[in-house]
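Residue numbers (mature numbering (1 follows the signal peptide of the UniProt record, and there is no 0)): -17 to -1, 1 to 1066.
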């Protein structure tokens, strides 16, 4: 017996190593006796750590060798080589095949789109304008008549009277909503008077498009939404379905949608300059801020922009020093920073324009390289800065200049009109809030002139980002003012060739990206908000863990792959090819162990369902739970084995559906996928042999095992014994199960504790047994071809193995003082930093938690001593509850936010409303236009859940492999710890003093997802490392025949007084939504 002093803790140890409990297995390299103690020798503690670690390694290896059945399963595969072939995945051929399949699918959508565009042009030309047309003359289904609101708790408002058709709708699985295939629906923006002559004429001639919609669907039943969008704001979409709005005030306008904008003009390089001299203070400055906000919304991901303010000098409003891509995140930065503009000083147009031209001439940055323009917002001035235009823009006039006179003033606007007309631009007036929206989008008509003049050459089908219901919109210009789109679900792409995708294995996949690097297809494309009105813009490098090797893919190694809470350093081969006639490229990702795959080659006798050898001697029904207790429980992956197979989230129900179908058809039926079904049958028989040859003869209880299991590429997961399936929580689809995917990517034994978040309070271990999965991949070598077709493993009983752990991490065969002492912590932590086992009973209910939640001090020490590295990642597809508004924040969209005192003041209501109405009334006397447009989203009208960015910090093992000891320094409360990686596992063995003092507690390392704080990730830093963008290959920014004489006027509207009053009340409500009115004041 020896004594070892560990910082005052006395441990007793035996003289001999524990004998091996596994007959036939040799305890390699185990010392005959425990190391001789020598407290004075620094290596003593290290020697004991080595000894204990080796015992743990061999216990794990012994259990897996006996119960895992890796060797036996290899032999089973080898003995049945006559039942399958080993095929090779050739990445180049695969990616070209899948790209060709997608091209064929999308080609049908393009044909439908072109039929729609040609018909629209034909109908428009044949239409005769009617001045006296009346509402009752037009029959159509007004989708707003049956509007469904996402916010049903909002205040009820009176629906507008309508002579809309009354339709009946039926549920449709393709659209996941109620539709009517006999009609199209019409949506008209709330702020447009649908009884105007222009709108009624538009409704009249577009009625004929309904027959084209219906014909397109007959030609291609897989076609989803078909949409026609007009410059008048009218939208016709097919099939008809009630309109869905986020709240009681619907502010949707097709002309503001990215797919419409992309179809209306070529990409833009835009510099917005805002006059912030002292004369623009007050209401004028607020109008400018809102105008910039709305202008930014007219830009898409193909565009580049910067915003600057100027008085005597010009400076950017944000941290962006040059043009940046007009993506959602960059525009958000602009919108926030524009609110900080302050009026002071004097106006110097020269400073503003020189800054803008310098920005556009900067060739060292990524930009659109097509339409170049300067948008200037000012209250007016006398200087024409002709010398600046002569220097930078004349005589070629490659930069268009658009000028906006903002607010009510008496300045001469002639210089502003001259600037626009002299530089192929346009002059607009924004006297009040009601004129903002239309005048910040009409510049698109000017940019569209070269496209219209280009004729058929400009009729390019354009592909947008993925929309959140998996709809891809393909707009095509139709004449000068219209655009159409049809839609196809990306789900069709995935189901094009299931064998191709499944033969890539669990960690192989295909993806598609557009010219901006946004994904069309990707396993991680999983937007949480279902709303088809905004596209999903998920960058390829955001869909995966960013790695410098992957940056080549987006233009098109070793990389980091994430699985749930874990990060693995893996090797992947990326192969890509263009999808012809589209803006997309298709990529294929293949791990090295998926170079080869198994394809079943079963005999007719085995395939006969009603044969006594249908499943190697058993009928399909034997797969049902409890059919044969001794066979274990079989989960089958919910794949589309046959066309008529009903899918179900309940695996038992799915299995019953599968068996019922197999009684009607044969496995080699044409309506079934032979690759999927034959491989399923093959793997069912192979795993059954594993039960017969290995599992049945073993006593799991002797070794504290709750279950043994095997999962295969063919879609079988077999859990033994049968009762263990009751507590089985893993995915029935092996390709989605983290234990399966991680085992393929890592060598050795992968431990997976049940994941517990920080808020988990634990279970009563007496009534709830907690299991820990240990799995490993089965690697085959057949005729020199290496592959991994299966994963096997065991499920450990936590409580029993915790007791066993105490014995193994000591020098005795039975429990000794190490197990009973409370001042020494012995733990096993996995490669993600999660607790797997502990000798402390109060830790047992925390198994599966991130270790910093258990012992923050020790986890920080492990990280600081480089046992762990970490990587921060962001999820840009999450949803969050709306944040509570700040009473001190900036006004939404720059609109004045009245105080409570203002709201209760009748004088404020009368003056604010009357003044704005009076402004617009006077303005409408001078100019004539048929529509009003305004969209102001108040904070009080936002959805219950909003899109947000989540941040997660994931930990993984660094390159440190050696045994390591260190002191966690904290004066008299310092702690000593020793740590060592366990060979052939994903575990770290740590022995440490228990914390002695509460004052030495460390700040917890965060691992769980949290909402990213504002400006995180830092866009200002990201734009300095711009990602590769190819951009559209064709540009329409010039045509020698363009007539630029129409270059300036004010724009307004002349609706009925009732509509105008309603709009004004809407605007007032929106602008005050940050401070809800008391019930009495709502009157």
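Where a beta carbon is used, it is the ideal one built from N, C-alpha and C, also for glycine. In this text the structure is predicted, and so the values were computed from the model without any measurement.
Residue 71 sits in a strand when the DSSP states are folded into three classes.
For residue 571, same chain residues with a beta-carbon under 6 Å away, outside a window of 5 residues either side, are 74, 77, 78, 493 and 558 in chain order. For secondary structure counted as the beta strand (DSSP E) over 3 or more consecutive residues, the stretch 952 to 998 holds these complete runs in sequence order: 958 to 964 and 970 to 976. Straight through space, the alpha carbons of residue 1020 and residue 733 are spaced by roughly 58 Å. Inclusion of residue 387 and residue 360 in the CB contact set at 8 Å is warranted, their separation being smaller than that value. For residue 234, the secondary structure class from DSSP, reduced to helix, strand or coil, is coil. Ranked by Cα distance from residue 1026, the options 55, 225, 254 and 404 are led by 404. Your pair residue 566 and residue 501 does not check out as a contact, with CB atoms roughly 10 Å apart and the cut at 8 Å.
The C-alpha of residue 654 lies about 6 Å from the C-alpha of residue 625.
Bridge partners of residue 789 according to DSSP: none are assigned. Contact check for residue 851 against residue 941 passes: the beta carbons are separated by less than 8 Å.
Boundaries of the beta strand (DSSP E) around residue 561: 556 to 561.
By the CB criterion at 8 Å, residue 344 and residue 1017 fall outside the cutoff. The residue from 519, 111 and 958 with its alpha-carbon nearest to that of residue 283 is 519.
Annotation: residue 632 to residue 640 spans about 12 Å, alpha carbon to alpha carbon. With a threshold of 16 other beta carbon atoms within 10 Å, residue 713 meets it and is buried.
For the pair residue 252 and residue 306, the CB atoms are nearer than the 8 Å cut-off. Only residues of its own chain outside the window of five on either side were considered, and among them 363 and 388 have a CB closer than 7 Å to the CB of residue 396, listed in chain order. According to DSSP, residue 616 shares a beta bridge with 702. The three-state secondary structure of residue 930, taken from DSSP, is strand. In the three-state scheme derived from DSSP, where H, G and I count as helix and E and B as strand, residue 499 is classed as coil.
Between residue 356 and residue 382 the beta-carbon gap is near 6 Å, inside 8 Å, which marks them as a contact. Annotation for residue 255: no alpha helix (DSSP H) segment contains it, though the beta strand (DSSP E) segment containing it runs 251 to 258. In the structure shown, residue 1004 falls within a helical segment according to DSSP collapsed to helix, strand and coil. Nearest Cα to residue 187 within the set 173, 770 and 119: 119. One Cα belongs to residue 43, the other to residue 826, and the distance between them is close to 21 Å. Measuring C-alpha to C-alpha distances from residue 202 to each of 101, 92 and 117 identifies 92 as the nearest. Secondary structure of residue 941 (DSSP, three-state): coil. For residue 354, the enclosing beta strand (DSSP E) begins and ends at 354 to 361. Residue 219 is bridged by DSSP to 169 and 211.
With contacts defined by Cβ atoms closer than 8 Å, residue 223 and residue 163 form a contacting pair. Put simply, the backbone Cα of residue 627 is about 12 Å away from that of residue 652. In this structure, the beta-carbon distance from residue 935 to residue 992 falls below 8 Å. Residue 237 is positioned such that its CB atom lies no closer than 8 Å to that of residue 257. Per DSSP, reduced to three states, the secondary structure at residue 388 is strand.
DSSP, read as helix, strand or coil, puts residue 763 in strand.
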